[in-house]
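*Asks:* Chains as they are written, first to last, in this note's numbering: chain F, 1 to 147; chain U, 148 to 294.
Structure provided below as structure tokens; questions to follow.
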DNA sequence: CAAATATATTTGATATATCAATTAAAAACA
DNA sequence: TGTTTTTAATTGATATATCAAATATATTTG
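Below is the structure:
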């Protein structure tokens, strides 16, 4: 059985697009904020909106596994963007708080992020984006429904 | 400046879709072929179609950097899917050959890959896919053209 | 209540990602 | 030709990805 080479398949382009966007976004963020990755920025944004999140919940939101999240939070604590304290209602979990240093980062991020999205999506209509999201939703469902 | 939470942005969905597809594809591949990752399979497919590829060229095709490629090929040599030999026309490069064990894998992969794509793209029209590719192309260009 | 099960997090092992520095060979150049 | 500049690949350091096993606490169940 022969198949076309991978470059001809839509997933190849999806992979490339997200990687180029990440590379671009990281470059722009690094110009404005020292020592923060795209994913660390995402974690800060989620924690700001939902301060009660556990590590496991954050992991699910940013599509990482729990082990990775442990190590990412470790690092963010070491770099003083976050502090951990045990949750007294459920001593298996941590309360995770954003430090002042983390808040400073959070102030700088939004304009950069908005600008990045704007640049990456230039010349693309709302309609096209919705169309893409519709297809991506189908792919997600296809890949996650059992069997 | 306030921004919407990341889940509301198309890139979030792109990220999720490609991750779910990778997870699904890896699961299906692992059922049929022992000890091969999606990326290692991709490398085999590219080498089959273009046997002259250098490590650097393969890296570009699968969106990895040279250092990662060195280590991935190291591993694939150790697992006996590939053999390296120096290229006598350009002694900085390697000739990379697929071993018999690698060829056996290559025989098993295509049906699984075709089935995976079929499942992941079920209920999505050619037209929709082309639409998505068009938008992704714009994003890629937006993120890679300077400034 | 005690035992079994489930859950949140951590740890270890191995692979991959990324950046910067290094090495060896090729190509350009003066 | 000898020197400089490029290029392909490697190495080291650090971070992240992934899986399996371990730990500590909660919850369920008999």
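Backbone N, C-alpha and C define an ideal beta-carbon position, used for all residues, glycine too.
Look at the Cβ atom of residue 45 of chain F, then the Cβ atom of residue 106 of chain F, and state whether they are nearer than 9 Å.
*Replies:* yes
*Asks:* I want to see whether chain U comes within less than 9 Å of residue 37 of chain F, judged by CB atoms only; does it?
*Replies:* no
*Asks:* What in chain U is Cβ-close to residue 123 of chain F, meaning under 8 Å?
*Replies:* 285, 289
*Asks:* For the putative contact between residue 286 of chain U and residue 113 of chain F, defined by C-beta atoms under 8 Å, what is the C-beta separation to the nearest angstrom?
*Replies:* A Cβ-Cβ separation of about 15 Å leaves residue 286 of chain U out of contact with residue 113 of chain F under the 8 Å criterion.
*Asks:* Step through the CB atoms of chain U and report whether any lies within less than 9 Å of the CB of residue 21 of chain F.
*Replies:* Yes, residue 21 of chain F lies at the interface with chain U (some Cβ there is under 9 Å from its Cβ).
*Asks:* Where do the ends of the beta strand (DSSP E) carrying residue 95 of chain F lie?
*Replies:* According to the DSSP assignment, residue 95 of chain F belongs to the beta strand (DSSP E) that extends over 94-98.
*Asks:* Select from the segment 236-267 of chain U all residues with a C-beta closer than 7 Å to any C-beta belonging to chain F, and list them in chain order.
*Replies:* 257, 258, 260, 261, 264, 266, 267
*Asks:* Under the three-state reduction of DSSP, which class applies to residue 231 of chain U: helix, strand or coil?
*Replies:* strand
*Asks:* In terms of residues, what are the limits of the alpha helix (DSSP H) holding residue 133 of chain F?
*Replies:* 126-144
*Asks:* When burial is assigned at 16 or more other CB atoms within 10 Å of the CB, is residue 167 of chain U buried or exposed?
*Replies:* It is buried - the Cβ of residue 167 of chain U has at least 16 other Cβ atoms within 10 Å.
*Asks:* Measuring CB to CB, does residue 122 of chain F end up less than 9 Å from residue 234 of chain U?
*Replies:* no
*Asks:* Taking Cβ-Cβ distances below 8 Å as the criterion, which residues of the segment 184-206 of chain U are in contact with chain F?
*Replies:* 189, 192, 193, 196
*Asks:* Within 10 angstroms of its Cβ, does residue 18 of chain F collect 16 or more other Cβ (buried), or is it exposed?
*Replies:* buried
*Asks:* Between the alpha carbons of residue 197 of chain U and residue 30 of chain F, how many angstroms are there, rounded?
*Replies:* If I take the Cα positions, the gap works out to 37 Å.
*Asks:* State the Cα-Cα distance for the pair residue 222 of chain U and residue 257 of chain U, rounded to the nearest angstrom.
*Replies:* Cα to Cα, residue 222 of chain U sits roughly 22 Å from residue 257 of chain U.
*Asks:* Using CA coordinates, which residue listed in U:291, U:179, U:274, U:265 is at the minimum distance from residue 119 of chain F?
*Replies:* For residue 119 of chain F, the closest alpha carbon among the candidates U:291, U:179, U:274, U:265 is that of U:291.
*Asks:* For a cutoff of 9 Å on Cβ pairs, would you count residue 178 of chain U as touching chain F?
*Replies:* False, the Cβ-Cβ gap to chain F never drops below 9 Å.
*Asks:* Taking C-alpha atoms, which residue in U:279, U:224, U:152 lies nearest to residue 248 of chain U?
*Replies:* U:224
*Asks:* At a CB distance below 7 Å, what residues from the segment 75-90 of chain F approach chain U? Give them in sequence order.
*Replies:* none
*Asks:* Could you tell me which of U:283, U:190, U:246, U:185 sits nearest to residue 229 of chain U, measuring between CA atoms?
*Replies:* U:246
*Asks:* With a threshold of 16 other CB atoms inside 10 Å of the CB of residue 172 of chain U, please say whether the residue is buried or exposed.
*Replies:* buried
*Asks:* Please identify the residue among U:216, U:264, U:242 whose C-alpha is closest to the C-alpha of residue 190 of chain U.
*Replies:* U:216
*Asks:* Can you list the residues of chain F that residue 278 of chain U reaches, using a CB-CB cut of under 8 Å?
*Replies:* Here the neighbours are 128, 131, 132, 135.
*Asks:* Along chain F, which residues have their Cβ under 8 Å away from the Cβ of residue 163 of chain U?
*Replies:* Here the neighbours are 63, 136, 140.
*Asks:* Note down, in chain order, every chain U residue with its Cβ under 9 Å from the Cβ of residue 13 of chain F.
*Replies:* 279, 280, 283, 284, 287
*Asks:* Give me the Cβ distance between residue 133 of chain F and residue 282 of chain U, rounded to the nearest whole Å; I'm assuming they're in contact under 8 Å.
*Replies:* The Cβ separation is near 10 Å, so there is no contact.
*Asks:* Would you report the Cα separation of residue 84 of chain F and residue 22 of chain F, rounded to the nearest angstrom?
*Replies:* 28 Å
*Asks:* Does the ligand PLP have a heavy atom nearer than 8 Å to the CB of residue 269 of chain U?
*Replies:* Looking at this structure, you won't find the ligand PLP or any other ligand, since it has none at all.
*Asks:* Just to confirm before moving on: does the CB-CB distance between residue 179 of chain U and residue 226 of chain U stay below 9 Å?
*Replies:* no
*Asks:* In angstroms, rounded to a whole number, what distance separates the CA positions of residue 238 of chain U and residue 38 of chain F?
*Replies:* Spanning the two alpha carbons is a distance of roughly 39 Å.
*Asks:* Could you tell me whether the Cβ atoms of residue 47 of chain F and residue 96 of chain F are closer together than 9 Å?
*Replies:* yes
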